[in-house]
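Remarks on the structure that follows.
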Amino acid sequence: MIISCGTDIIETKRVKDAVKKWDKSFLRRVFTQQEIDYSMKRRFYFEHLAARFAAKEAVLKAFGDGFTGANIKDVEIKNDKNGRPNVILKGDMEKLRKKKKIHTITVSMSHTKDYAQAMAILIGKK
Numbered sequence: 209m210i211i212s213c214g215t216d217i218i219e220t221k222r223v224k225d226a227v228k229k230w231d232k233s234f235l236r237r238v239f240t241q242q243e244i245d246y247s248m249k250r251r252f253y254f255e256h257l258a259a260r261f262a263a264k265e266a267v268l269k270a271f272g273d274g275f276t277g278a279n280i281k282d283v284e285i286k287n288d289k290n291g292r293p294n295v296i297l298k299g300d301m302e303k304l305r306k307k308k309k310i311h312t313i314t315v316s317m318s319h320t321k322d323y324a325q326a327m328a329i330l331i332g333k334k
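Here our numbering runs 208 ahead of the position in the sequence shown, where the first position is 1.
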């Protein structure tokens with residue numbers, strides 16, 4: 209059963225500006241090392257970073273907790289061998305997933321030069 213969904217859109221320029229302003233401190237505060245490594249290997253890495261940021265936000269919104277009390281790095285977006293994004297929860301977010309009886313989280317991401325968008329769906333038991 210679908211429990212909740214969340215969506216987010218972000219201007220790619222906002223991520224690009226944050227990376228240029230705060231460099232690695234921004235990246236380390238928001239993304240896991242695997243997310244950074246994956247995105248940096250891509251031709252349009254700012255777009256990939258922005259898509260991951262939007263996906264993390266969408267997951268947080270789906271849980272209904274936004275940024276309040278949640279660590280954005282506790283939501284990791286990792287692509288499988290076919291390129292499909294998967295959500296990996298850690299720390300307090302994993303505890304919240306268990307508490308809310310969520311067994312599956314699906315995420316879809318899309319990006320252009322200017323925008324990145326993501327949607328997350330939580331599936332579980334009521």
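From the three backbone atoms N, C-alpha and C, an ideal C-beta is built for every residue, glycine too.
Since we're looking at a predicted model, the values are computed, not measured.
query, result
"Range covered by the beta strand (DSSP E) that runs through Thr312", "310-319"
"Contiguous alpha helix (DSSP H) assignments of at least 4 residues, all confined to the stretch 237-315", "241-248, 253-271, 299-307"
"Boundaries (first-last residue) of the beta strand (DSSP E) holding Asp216", "210-219"
"Rounded separation between Val295 and Val283 - CA only", "7 Å"
"Short Cβ contact (7 Å threshold) for Met327 with Ala259", "no"
"Own chain, CB closer than 6 Å to Lys229, minus 5 neighbours either side, in chain order", "none"
"C-alpha distance - Gly332 paired with Ile211, whole-angstrom precision", "6 Å"
"Close Cβ partners of Arg305 (< 6 Å) along its chain, the five nearest in sequence each way excluded", "Leu297"
"Cutoff 7 Å; reference Lys309; Cβ partners in own chain excluding five residues on either side", "Gly332, Lys333"
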